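Here the structure is laid out as structure tokens; the discussion comes afterwards.
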Amino acid sequence: MNRKIKYQKLLVLSIKAKGGKLLTPYVRSDVKVSVKCKQDHIFSCTPKSIKSGKWCSECPIQKKINAKNIIEKKGGELLSKYSRETTIIRVRCGRGHIFKTTQKKVLLRKWCPMCSGSRGEIECSVYLNSKGIEFFKEVKGKNLEKIDIHKVDIKNRRFDFYVPSHNLLIEYDGRQHFSDIKFYNGTPFKERQKIDKDKTIVALECGYNVLRIDNNSSHVIRRILGKTLELIKLDINSSNLYITSERYSYLDHNNKMVYVQSKF
């Protein structure tokens with residue numbers, strides 16, 4: 005029997021065993037073939053990769069395998085079992101940080117929030133994790149229960165952190181929030197400050213505490229967070245704006261502003 009025919013028959017049997025169907029002829033072990041899986045997804049891969057276990061990336065089981073492989077390749081470890089791609093899972097990254105994510109986010113190559121982002125954001129994440137305080141990152145206004153969408157529209161604006169236990173929204177503000185940086189490719193300076201003001205005022209009016217940390221305070225963020233959480237406990241029935249610098253005068257907020265000193 006011709007070797008090529010023999011390998012094609014073996015490939016057909018291997019694909020059939022998984023409920024699939026070979027759509028294009030076998031050429032070589034390293035040349036891709038088209039395959040239809042049991043769920044009618046059509047995909048391409050090499051016979052060699054099929055032999056090593058690769059299969060349809062659209063199928064739930066394969067997605068789960070792919071996500072696990074990505075986690076392990078990044079030096080991480082999956083810490084929880086799950087059945088759906090949108091189920092919240094716990095993962096430990098290679099640096100030992102434990103974070104919450106979903107299979108879907110892992111497949112999109114979204115990784116440990118404490119290993120990415122600005123120094124200030126990393127410091128916030130590390131501190132809250134060290135104290136066992138639950139928090140959420142990059143939370144949109146529309147996902148916060150108290151935000152009134154009939155006020156100034158911030159439902160699609162993101163807050164850096166949300167800490168439910170202290171009804172607290174945290175923003176870490178880089179240099180672009182305080183000066184017109186010419187090389188900053190983003191929203192114009194005055195508009196950035198207006199967005200800051202709108203987000204802050206609406207959040208306060210809806211009953212949230214807001215902590216804004218300026219970039220000059222990144223080296224003492226843990227102490228700032230600790231102090232702010234203490235102050236919130238002492239004034240639990242109020243919603244206050246906590247700031248780390250007089251640079252926030254542009255917020256022009258009439259209600260109570262609490263200055264959390266960055267030097268203790």
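Heads up: the sequence shown begins at 5 in the working numbering, then just goes up one per residue. For glycine and all other residues, C-beta sits at the position ideal for the given N, C-alpha and C. All values reported here derive from a predicted model rather than from experimental measurement.
When DSSP states are grouped into helix, strand and coil, T232 belongs to the helix group.
For I93, there is no enclosing alpha helix (DSSP H); the enclosing beta strand (DSSP E) covers residues 93-96. With contacts defined by Cβ atoms closer than 8 angstroms, S38 and T28 form a contacting pair. Between the region 207-223 and the region 245-264, the count of C-beta pairs closer than 8 angstroms reaches three or more; the two stretches touch.
The region 106-113 makes contact with the region 87-96, as at least three CB pairs between them are under 8 angstroms.
Rounded to the nearest angstrom, the Cβ distance from Y176 to S122 is 6 angstroms, consistent with a contact under 8 angstroms.
Between the C-alpha atoms of C128 and K194 there is a straight-line separation of about 27 angstroms.
Sixteen is the threshold: since fewer than 16 other Cβ atoms of the shown chains lie within 10 Å of the Cβ of Q43, the residue is exposed.
If you ignore the 5 residues before and after H45, its C-beta comes within less than 6 angstroms of the C-beta of C60, E62, all in its own chain and listed in chain order. E81 is bridged by DSSP to R96. In this structure, V262 lies away from I228, with their beta-carbon atoms at least 8 angstroms apart. In the three-state scheme derived from DSSP, where H, G and I count as helix and E and B as strand, K104 is classed as strand.
Restricted to the region 170-239, the beta strand (DSSP E) segments that are unbroken, complete and at least 3 residues in length are 172-177, 213-218, listed in chain order. Here L26 carries a strand assignment [DSSP, helix/strand/coil]. Annotated as proximal: V156 and D202, with beta-carbon spacing under 8 angstroms.
The alpha carbon of K67 has as its nearest neighbour, out of G98, R96, Q107, the alpha carbon of Q107. L245 is bridged by DSSP to V214, M261.
Membership of Y166 in the beta strand (DSSP E) is indicated by the continuous run 162-167. In this structure S134 is exposed. Its beta-carbon is surrounded by fewer than 16 other beta-carbon atoms within 10 angstroms. Where S18 is concerned, there is no enclosing beta strand (DSSP E), although the alpha helix (DSSP H) around it starts and stops at 7-21. Close CB contacts of A207 within its chain, under the 6 angstroms cut and outside five residues either way in sequence, are with L173, V214 (chain order). Excluding residues up to 5 positions away in sequence, nothing lies with its Cβ nearer than 6 angstroms to the Cβ of E149 in the same chain. Counting along the chain, V130 sits inside the alpha helix (DSSP H) bounded by residues 123-134. Closest option to I205, judged by alpha-carbon separation, among L14, G57, L245, G24: L245. S48 has S38 as its beta-bridge partners, per DSSP. Spanning the alpha carbons of H181 and I69 requires a straight line of approximately 42 angstroms. Ranked by Cα distance from D256, the options C116, H223, K198, N220 are led by K198.
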